[in-house]
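**Q** Residue numbers (my numbering), protein chains in the order written: chain A, 139 to 281; chain B, 17 to 426. Quick one: the structure is below, and I'll ask about it shortly.
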């Protein structure tokens, strides 16, 4: 992970994206692919929207009800995949999954998403930390 | 009254220094499932170590002894809930029992326009089988409202019941708020209209003295695992004449007397009619041991202990404005709460990081959110082995547990 990111900063990143999620809204126009996600063991109930055109992820946003970890991680995911090619976005998603499952990954790809590196401490919340990311991956697979 | 500290020694999950997140485990999710005393574990094991044989197939002694043991278990359940042994059908649990009724009675006898009454506070198991029965038969689902305390009252029930009502399916005790519904009165009213009442006893039978006969319920269902018994076993209690009329959900070995090439089947009498295939025999033995264990402590004592523990928690949380309690009048082992401005799951995760097991979410009652004014709550639930010291740890961490993200960063 970037050396500059300490615990306090990671906490601040998560709280900021939870309290003030910039990407939490309905899409402003048509053409978005939507994936509904809810987890079986908790309350998370989210719609993830990706605007994919000519192999590029032009925009990403989400809406719904979710806990701190799902909200913040999904909000950051939207920031990271926006403006990337499908392949680049998939690479970022792969790196994120590796991080969550404590496998080797390239932290430079993940920027603020590095804040979730401790998720495995609360294994029951791994699903929360990945719910938005899994939705994006599903959309990229079919689109 | 029993000595809770002595009782805890009988439970391996409580007496072996179990840790969660490196901290002594404080288990407060007993409405989900309960721990098992060694005597229950031994009874289950005994089937595999000393008694393995199938039941109701009897040509030799092992089989005969197994049949006898199953009959003894049936008698024990009957004694515990005050019904006849032949009214006890062993099932895989409460959910299976409710499905068996919805299919075997509901789908068989409901007609288009008939009404089924449920409540918004019901657990999915007590409501979804009826959604399906309604869809298959053209019957209609009606809802009885809960009052401001979360109780299903006879008064509210009287507002929805009619001559069209054929089935009423309600929990005796709600699983989110632990409220004790006015089930006795509701049953009396329902019977005046000729409706049958299915009582989901999942949260009541383990905690409250229950008499099937006195309640005059038509069906009663519950699971063993919520009362110190094994998972995968529970029962359906039904008035015998209704069991006779009811269609079995499963057909197979051990439930037919005769079948012919032309498709005619002659079923055995209840309860055998509903127990196709090989029963969960280890579970049946464990179920009996669990009931005997509860009887040895006294179900009234267990209830008193639950009330004492939850009242103690409520007393300690009173006056703390950031704690919202959804059932302040709880007279049972369930406390539903949230911290202001904190998502239920985040609080449950923080408590997990302190070794405390509580559950967050909708607790399978997914249409109750309008009443609660929130989508999710945390639920703390006690049982016969909960101690005041555990409640102290819970309250202390709820009030001064720190920031929700501490769970990930400390």
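Don't be surprised by glycine CBs; every beta carbon is placed ideally from N, CA and C.
Grouping DSSP H, G and I as helix and E and B as strand, with all else coil, what is residue 237 (chain B)?
**A** Residue state, collapsed to three classes: strand.
**Q** Please look up how many angstroms separate the CB atoms of residue 373 (chain B) and residue 112 (chain B), rounded, as I've assumed it's under 8 Å.
**A** Not quite, the Cβ-Cβ distance comes to about 26 Å (not below 8 Å), so this is no contact.
**Q** Under 8 Å, Cβ to Cβ, is there at least one residue of chain B near residue 199 (chain A)?
**A** By this cut-off, residue 199 (chain A) is not an interface position.
**Q** Residues of chain A with CB closer than 8 Å to the CB of residue 368 (chain B), please, in chain order.
**A** Those within 8 Å of residue 368 (chain B) in chain A are 260, 262.
**Q** Taking 8 Å as the threshold (C-beta atoms), are residue 398 (chain B) and residue 20 (chain B) in contact?
**A** Cβ distance not < 8 Å, so residue 20 (chain B) and residue 398 (chain B) don't count as in contact.
**Q** Using the DSSP secondary-structure output, state which residues sit across from residue 250 (chain B) in a beta bridge.
**A** According to DSSP, residue 250 (chain B) bridges with B:107, B:239.
**Q** Does the CB of residue 268 (chain A) have a neighbour CB from chain E at under 8 Å?
**A** Of the protein chains in this structure, namely A and B, none is chain E.
**Q** So the candidates are A:219, A:166, A:241, A:197; which of them puts its Cα closest to the Cα of residue 231 (chain A)?
**A** Of the candidates A:219, A:166, A:241, A:197, the one whose C-alpha sits nearest the C-alpha of residue 231 (chain A) is A:219.
**Q** Can you pull out the residues from the region 140–157 of chain A whose beta carbon lies closer than 8 Å to at least one beta carbon of chain B?
**A** Within the region 140–157 of chain A, the qualifying residues are 145, 148, 149, 152, 153.
**Q** Do residue 321 (chain B) and residue 49 (chain B) come within 8 Å of each other at the CB atom, strictly closer than that value?
**A** Going by C-beta atoms, residue 49 (chain B) is not nearer than 8 Å to residue 321 (chain B).
**Q** Quick one: what's got a C-beta closer than 7 Å to residue 217 (chain B)'s C-beta in the same chain, skipping five residues either side?
**A** Cβ neighbours of residue 217 (chain B) beyond the five flanking positions: 188, 226, 236, 237, 238.
**Q** Between which residues of its own chain and residue 109 (chain A) is the CB-CB distance below 6 Å, once the five residues before and five after are set aside?
**A** Past the boundaries of the shown model lies residue 109 (chain A); chain A is included only from 139 to 281, so the question cannot be answered.
**Q** Under the DSSP definition of a beta bridge, which residues are partnered with residue 282 (chain B)?
**A** Bridge partners of residue 282 (chain B): B:274.
**Q** Report buried or exposed for residue 273 (chain B), applying the criterion of at least 16 other Cβ atoms within 10 angstroms of its Cβ.
**A** It counts as exposed.
**Q** Measure from the C-beta of residue 360 (chain B) to each C-beta in chain A and report whether the shortest distance is under 8 Å.
**A** It does: the Cβ of residue 360 (chain B) has a partner Cβ on chain A nearer than 8 Å.
**Q** Hey, residue 306 (chain B) and residue 243 (chain B) are a contact pair by Cβ (cut 8 Å); roughly how many whole angstroms apart?
**A** Right, their Cβ atoms sit about 6 Å apart.
**Q** Here's the rule: buried if 16 or more other CB atoms are within 10 angstroms of the residue's CB, otherwise exposed. What is residue 163 (chain A)?
**A** So residue 163 (chain A) ends up on the exposed side.
**Q** Strictly below 9 Å CB to CB, what residues from chain B border residue 181 (chain A)?
**A** In chain order: 359, 360, 361, 376, 377, 378, 391, 392.
**Q** According to a CB-to-CB cut-off of less than 7 Å, which residues of the region 238–256 of chain A neighbour chain B?
**A** Those would be 256, in chain order.
**Q** Mind checking whether residue 413 (chain B) and residue 370 (chain B) have CB atoms under 8 Å apart?
**A** Result yes, Cβ atoms of residue 413 (chain B) and residue 370 (chain B) sit closer than 8 Å.
**Q** Closest to residue 292 (chain B) by CA distance: which of B:162, B:155, B:265, B:346 is it?
**A** Comparing Cα positions, the closest option is B:265.
**Q** Determine the direct distance from the alpha carbon of residue 213 (chain B) to that of residue 254 (chain B), and round the result to whole angstroms.
**A** Near 10 Å, if we compare the C-alpha coordinates of residue 213 (chain B) and residue 254 (chain B).
**Q** Along the region 399–423 of chain B, where does the CB come closer than 8 Å to a CB of chain A? Name the residues.
**A** The region 399–423 of chain B vs chain A, Cβ under 8 Å: 419, 420, 421, 423.
**Q** Within the 8 Å Cβ cut-off, does residue 309 (chain B) reach chain A?
**A** No, residue 309 (chain B) does not count as interfacial toward chain A.
**Q** From which residue to which residue does the alpha helix (DSSP H) around residue 303 (chain B) run?
**A** First-last of the alpha helix (DSSP H) with residue 303 (chain B): 297–313.
**Q** Considering only C-alpha positions, which residue in the set A:271, A:276, A:263 is nearest to residue 420 (chain B)?
**A** It is A:263 whose Cα lies nearest to the Cα of residue 420 (chain B).
**Q** So residue 106 (chain B) contacts chain A; which residues on that side make the cut at Cβ distance below 8 Å?
**A** Within 8 Å Cβ-Cβ: nothing; residue 106 (chain B) doesn't reach chain A, min ~28 Å.
**Q** Do residue 44 (chain B) and residue 309 (chain B) have their beta-carbon atoms positioned less than 8 Å apart in this structure?
**A** Their beta carbons are not under 8 Å apart, which means residue 309 (chain B) does not touch residue 44 (chain B) by this criterion.
**Q** Quick one: grab the DSSP three-state call for residue 263 (chain B).
**A** It is coil, neither helix nor strand.
**Q** Alpha carbon to alpha carbon, how far is residue 323 (chain B) from residue 303 (chain B)? Give it in angstroms, no decimals.
**A** Approximately 25 Å, taken between the alpha carbons.
**Q** Nearer than 7 Å: is that true of the beta carbon of residue 197 (chain A) relative to any heavy atom of the ligand NAD?
**A** This structure lacks the ligand NAD; in fact it carries no ligand of any kind.
**Q** For residue 280 (chain B) and residue 101 (chain B), I'd like the C-alpha separation in whole angstroms.
**A** Cα to Cα, the separation comes out at about 28 Å.
**Q** Quick one: what's got a C-beta closer than 7 Å to residue 157 (chain B)'s C-beta in the same chain, skipping five residues either side?
**A** 132, 134, 146, 147, 150.
**Q** Do you know how far the Cα of residue 415 (chain B) is from the Cα of residue 376 (chain B)?
**A** Each residue's alpha carbon lies about 17 Å from the other.
**Q** Could you give the DSSP three-state label for residue 139 (chain A): helix, strand or coil?
**A** In this predicted model, residue 139 (chain A) has a pLDDT of only 49, less than 50, meaning its place in the structure is not dependable; the value taken from the coordinates is given anyway. In the structure shown, residue 139 (chain A) sits in coil (DSSP, three-state: anything other than H, G, I, E or B).
**Q** Less than 8 Å separating the beta-carbons of residue 213 (chain A) and residue 201 (chain A)?
**A** No, the pair does not count as a contact, with Cβ atoms beyond the cut-off.
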